[in-house]
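Engineer:
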Amino acid sequence: MAVIGEPQRIEYVEPLELPPPLRELPIEAPVSTPDEQEVPA
Amino acid sequence: MKHDAVPDFCEYRVGWRAWKPMEPHYLCAMNGNFIWTPKRIVQADKEPTMTNTHGVWAFTTLFDLRRMGYDTSGNILGRVAFWGTVVHHETGLRAEFAYPLELYVDRSENKRLGYRSSSHDELWERALRIGAEYNVPVKLLVPSEEETIALQKLEAARIEEERLRMLAMVEHRKQAQKDREAKRRAIARAALDFAKKHGFKM
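In the order they appear, the protein sequences are chains B and X. Counted from 1, the first sequence has number 33 at position 33 by this note's numbering; the numbering is strictly sequential. Counted from 1, the second sequence has number 53 at position 12 by this note's numbering; the numbering is strictly sequential.
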């Protein structure tokens, strides 16, 4: 993962509410990404 | 997996990403293999860990995104919210969940491809349509004077790096040519010595 450097630490972030764009929308199942390997610019 | 530690902040993390706009109004990952579905949380295929490469990733700062050349003309930039398991890297992060907060069209003069004008206006129009689809605001990204100076330095460093790379390539080719000639001469000398030793006429 050279693009963003070496991993430093891990945490679990549980926000009190969803980000503003999603707050007023009906909650649907998340869409899963493929593994995002680093990509050339 | 939930980590045992209580989260230090009950707020999502924020990072910077770039996307390719895709018709009619989608954000497409830079490697082209994933479209961020509007109005749906994006989830990593697997939970990120300290040792794997999974997770939805981003740069910590806009400057880091630019430094790595992701601000290429035609890209849409954005601030993104991340949550769930988050692995912090030196200049970025990988997270389990993500969704864009704001989209930006870059007005920086410091474009690597060096063009704007009509293509810029077209990108702005597309970004507005995409923003409406994802329910996020779209803004123009106008770098401050300080950022402009930093970006100019960055561009100068890129040009210098490219110049040194070209020079190194030329030197490498010259050296390879010299090595080939030396080898050829050595073979010719060896053949001559062999001929003399065995009384052959060359």
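Note that the Cβ used here is the ideal one computed from N, Cα and C, for glycine as well. Because the structure is a prediction, the values reported are computed rather than measured.
(1) Could you pull the start and end residues of the beta strand (DSSP E) that residue 126 (chain X) belongs to?
(2) Please look up how many angstroms separate the CB atoms of residue 127 (chain X) and residue 58 (chain X), rounded, as I've assumed it's under 8 Å.
(3) Could you say which of X:183, X:141, X:162 and X:89 lies nearest to residue 56 (chain X) if we only look at CA atoms?
(4) Near residue 179 (chain X), which residues of its chain fall below 6 Å by C-beta distance, leaving aside the five closest residues on each side in sequence?
(5) Check distances from the C-beta atoms of the stretch 123-137 of chain X to those of chain B and list, in chain order, the residues that come in under 8 Å.
(6) How many Å lie between residue 226 (chain X) and residue 194 (chain X) at the Cα?
(7) For the candidate residues X:123, X:211 and X:73, whose alpha-carbon lies nearest to that of residue 85 (chain X)?
(8) Please tell me whether residue 4 (chain B) and residue 66 (chain X) are closer than 8 Å, where the distance is taken between their beta carbons.
(9) Below 8 Å CB to CB, which residues in the same chain sit around residue 76 (chain X) once its five sequence neighbours on both sides are set aside?
(10) Of all the options X:200, X:83 and X:107, which has the alpha carbon lying nearest to the alpha carbon of residue 132 (chain X)?
(11) Count the C-beta pairs between the stretch 99-114 of chain X and the stretch 6-14 of chain B that are closer than 8 Å, then say yes if the count reaches three, no if not.
(12) Just the C-alpha distance for residue 8 (chain X) and residue 120 (chain X), rounded to the nearest angstrom, thanks.
(13) Once DSSP output is grouped into helix, strand and coil, what is the label at residue 85 (chain X)?
(14) Please list, in chain order, all residues of the same chain as residue 165 (chain X) whose beta carbon is under 7 Å from its beta carbon, the five residues on each side excluded.
(15) Provide the residue span of the alpha helix (DSSP H) that contains residue 194 (chain X), from first to last.
(16) Alpha carbon to alpha carbon, how far is residue 210 (chain X) from residue 216 (chain X)? Give it in angstroms, no decimals.
(17) Which same chain residues end up closer than 6 Å to residue 87 (chain X) when comparing Cβ atoms and leaving out the 5 residues on each side of it in sequence?
(18) Who pairs with residue 31 (chain B) in a beta bridge, going by DSSP?
(19) Of the choices X:137, X:82 and X:83, whose alpha-carbon is the least far from that of residue 89 (chain X)?
(20) Excluding sequence positions up to five away, which residues of its chain have a Cβ less than 6 Å from the Cβ of residue 117 (chain X)?
(21) Identify whether residue 156 (chain X) lies in helix, strand or coil by the three-state DSSP scheme.
(22) Check whether chain B comes within 8 Å of residue 104 (chain X), counting only Cβ atoms and requiring the distance to be less than that.
(23) For residue 235 (chain X), collect the residues of the same chain with a Cβ closer than 8 Å to its Cβ; drop the 5 residues on either side in sequence, then sort them by chain order.
Structural biologist: Looking at the atomic coordinates:
(1) One-based indexing of the second sequence puts residue 126 (chain X) at position 85. Start and end: 117-130.
(2) For the purposes of this step, residue 127 (chain X) is identified with residue 86 of the second sequence, where counting begins at 1. For the purposes of this step, residue 58 (chain X) is identified with residue 17 of the second sequence, where counting begins at 1. Going by Cβ atoms, the distance from residue 127 (chain X) to residue 58 (chain X) rounds to 14 Å, so no, they are not a contact pair.
(3) By one-based count along the second sequence, residue 56 (chain X) stands at place 15. Checked all of X:183, X:141, X:162 and X:89; the closest Cα to residue 56 (chain X) is X:141.
(4) Stepping through the second sequence from its first residue, residue 179 (chain X) is reached at position 138. If we look at residue 179 (chain X) and ignore the five residues flanking it on each side, its Cβ neighbours are 144, 168, 169 and 172.
(5) 123, 124, 125, 126, 127, 128, 129, 130, 131, 132, 133, 134, 135 and 136
(6) Taking the second sequence and counting its residues from 1, the one referred to as residue 226 (chain X) is at position 185. Taking the second sequence and counting its residues from 1, the one referred to as residue 194 (chain X) is at position 153. Those two C-alpha atoms are separated by around 47 Å.
(7) As a working note, residue 85 (chain X) is residue 44 in the second sequence. Of the candidates X:123, X:211 and X:73, the one whose C-alpha sits nearest the C-alpha of residue 85 (chain X) is X:123.
(8) As a working mapping, residue 4 (chain B) is identified with position 4 in the first sequence. As a working mapping, residue 66 (chain X) is identified with position 25 in the second sequence. No, these two residues do not count as a Cβ contact at 8 Å.
(9) For the purposes of this step, residue 76 (chain X) is identified with residue 35 of the second sequence, where counting begins at 1. Answer for residue 76 (chain X): 63, 67, 68, 69 and 70, listed in chain order.
(10) As a working note, residue 132 (chain X) is residue 91 in the second sequence. Per the Cα distances, X:107.
(11) no
(12) Absent from the model: residue 8 (chain X). The displayed extent of chain X is 42 to 243, so no value can be given.
(13) If you number the second sequence from 1, residue 85 (chain X) lands on position 44. DSSP places residue 85 (chain X) in coil when its eight states are reduced to three.
(14) By one-based count along the second sequence, residue 165 (chain X) stands at place 124. If we look at residue 165 (chain X) and ignore the five residues flanking it on each side, its Cβ neighbours are 146.
(15) What you label residue 194 (chain X) is simply residue 153 of the second sequence in a count that begins at 1. Run containing residue 194 (chain X): 186-238, per the alpha helix (DSSP H) assignment.
(16) Residue numbering aside, residue 216 (chain X) sits at position 175 when the second sequence is read from its first letter. Residue numbering aside, residue 210 (chain X) sits at position 169 when the second sequence is read from its first letter. Answer to the nearest angstrom: the Cα atoms are 10 Å apart.
(17) Position 46 of the second sequence, counted from the start, is the residue given in the question as residue 87 (chain X). Within the same chain, residue 87 (chain X) has close Cβ partners 95.
(18) Working through the first sequence from its first residue, we reach residue 31 (chain B) at position 31. Residue 31 (chain B) is bridged to X:83.
(19) Sequence index remark: in the second sequence, residue 89 (chain X) carries index 48 (1-based). The shortest C-alpha separation from residue 89 (chain X) is found at X:137.
(20) Taking the second sequence and counting its residues from 1, one reaches residue 117 (chain X) at position 76. Cβ neighbours of residue 117 (chain X) beyond the five flanking positions: 60, 62, 144 and 168.
(21) To locate residue 156 (chain X), count along the second sequence from 1; it is residue 115. Only weak support exists for where residue 156 (chain X) lies, its pLDDT of 49 falling under 50; the value from the coordinates is given anyway. Of the three classes helix, strand and coil, the one that applies to residue 156 (chain X) here is coil, per DSSP.
(22) Taking the second sequence and counting its residues from 1, the one referred to as residue 104 (chain X) is at position 63. No, no contact with chain B.
(23) Along the second sequence, read from residue 1 onward, the residue named residue 235 (chain X) stands at position 194. If we look at residue 235 (chain X) and ignore the five residues flanking it on each side, its Cβ neighbours are 241.
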